[in-house]
Amino acid sequence: MHRNDFCWCGSGLKYKRCHLDFDEHIDSIKFDPRMGQIKPPHEIIKTEKDIAGITKSGKINNAALDLIAENIREGIDTLTLNDMAHNFIIENGGIPACLNYAGYPKSICISINDVVCHGIPSKKTILKSGDIVNVDITTILDGYYADASRMFMIGSVSPEAEKLVEVTRQCMELGINAVKPWHFLGDVGAAIEKHAHTNKYSVVTALGGHGVGKKFHEEPFVNHVGEKNTGMLLVPGMVLTVEPMINMGDFDVRTDEKDGWTVYTKDGSLSAQWEKTILITETGTAVLAD
Ligand code: MF3
Ligand code: CO
Ligand code: CO
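Here the working numbering is used: the first residue of the sequence shown is 92, the next is one more, and so on.
Now the structure itself:
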């Protein structure tokens with residue numbers, strides 16, 4: 092691309108006034124193939140317009156999670172929570188991204204106890220005291236996706252389960268702290284894995300975080316285990332989720348063959364997950380959805 096061409100990012104600015112310095116910075120880095128170090132593709136670098144769009148979508152998504160936080164309690168069925176979030180997102184001009192995504196039948200995911208993720212809300216699933224529950228919501232607004240999940244503890248939860256929920260939140264925060272411009276993606280998984288293993292927990296590897304923007308799941312795949320200084324270079328303008336799934340027992344999972352979605356721990360042990368959508372800035376990160 093020539094200095095006087097319009098920038099590849101679609102900003103309408105000349106390349107020399109837009110991403111030229113950025114590309115030169117990337118090209119000044121010596122990527123080590125033995126560490127699996129790779130350049131981020133241009134398609135995943137967000138413009139100011141994209142960031143504003145994801146931010147707005149994130150505000151609705153956060154408010155939908157706040158609404159769930161106010162209403163989740165012992166005795167409520169998970170379809171009622173689904174419908175609440177669904178209606179709230181629609182009323183605010185958004186679309187619940189999960190509904191019909193690859194055939195997914197409901198608007199949000201609600202994953203209880205040994206369900207790792209993708210739990211399908213149902214009238215028959217009633218929350219009971221002692222449950223640990225992940226609610227994962229993704230909103231599309233004006234074509235932009237924002238994705239986040241939180242854990243909730245119902246009634247009185249065992250100290251062991253409570254600790255899993257808290258350590259998992261710490262894993263997410265440590266993972267996010269490792270997201271730094273001009274560092275590598277492997278730092279994220281390394282930080283999460285270390286904290287989980289220190290606490291004698293395991294990290295699910297079959298699923299992970301992801302880039303997010305005009306699509307639900309974009310590059311890069313965010314592995315929640317890994318080695319420092321490996322994988323994709325992190326640069327300003329990338330948006331990704333950090334969403335570790337941490338098991339009390341073994342990391343192996345199985346998918347329900349009947350519904351094709353619900354992911355359980357293979358050994359029946361408890362699992363927890365928290366998720367935020369994060370923007371990489373010049374100086375660090377900004378939370379776009381939590
Ligand atoms: N929100 C989930 C994620 O964090 C994806 C759910 S896909 C669905 O990536 F189809 F199960 F809803
Ligand atoms: Co999610
Ligand atoms: Co996600």
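Glycine included, every Cβ here is placed at the ideal spot set by N, Cα and C.
This one's a predicted model, so the numbers in the text were calculated from it and none came from an experiment.
Ligand 1 approaches Glu366 closely enough that one of its heavy atoms is under 7 Å from the residue's Cβ.
Segment contact: the stretch 256-275 against the stretch 326-333, three or more CB-CB distances shorter than 8 Å; contact assigned. One alpha carbon belongs to Ser119, the other to Asn320, and they sit about 16 Å apart.
Within its own chain, the residues whose Cβ lies closer than 7 Å to the Cβ of Lys357, once the five positions on either side in sequence are excluded, are Asp341, Asp343, Val344, Arg345, listed in chain order. In the displayed model, Val226 falls within a strand according to three-state DSSP. Listed in chain order, the non-local C-beta contacts of Ser213 below 8 Å within the same chain comprise Asp168, Thr169, Leu170, local neighbours out to five positions each way being set aside. Val256 is positioned such that its CB atom lies closer than 8 Å to that of Met244. Leu111 has its alpha-carbon roughly 44 Å from the corresponding atom of Pro196.
Proximity of the beta carbon of Thr353 to ligand 2 is not indicated: no heavy atom of the ligand is located closer than 7 Å. If the five residues before and after Tyr106 are omitted, its C-beta is found closer than 8 Å to the C-beta atoms of Met92, His93, Arg94, Asn95, Asp96, Phe97, Cys98, Trp99, all from its own chain and listed in chain order. Take the alpha-carbon of Val279 and the one of Glu165: they are about 35 Å apart. Residue Ile211 holds the alpha-carbon nearest to the alpha-carbon of Asn191 among Glu115, Met339, Ile211.
Pairing Asn204 with Thr353, the inter-Cα distance amounts to about 12 Å. Segment contact: the stretch 132-139 against the stretch 301-315, three or more CB-CB distances shorter than 8 Å; contact assigned. Here Asp123 is exposed. Its C-beta has fewer than 16 other C-beta atoms within 10 Å. A residue is called buried when at least 16 other Cβ atoms come within 10 angstroms of its Cβ; Asn173 meets this threshold and is buried. By the C-beta density criterion, Arg241 is buried, having at least 16 other C-beta atoms within 10 angstroms.
Looking at the DSSP output, Gln364 shares a beta bridge with Met336. For Val378, the closest C-alpha among the options Glu139, Asp233, Val316, Glu264 is that of Glu264. Judged by DSSP secondary structure, Asp238 falls within the beta strand (DSSP E) whose first and last residues are 235-244.
Judged by DSSP in its simplified three-state form, Asp343 adopts coil rather than helix or strand. Exposed is the label assigned to Ser249, since fewer than 16 other Cβ atoms lie within 10 Å of its Cβ.
DSSP, read as helix, strand or coil, puts Glu309 in strand.
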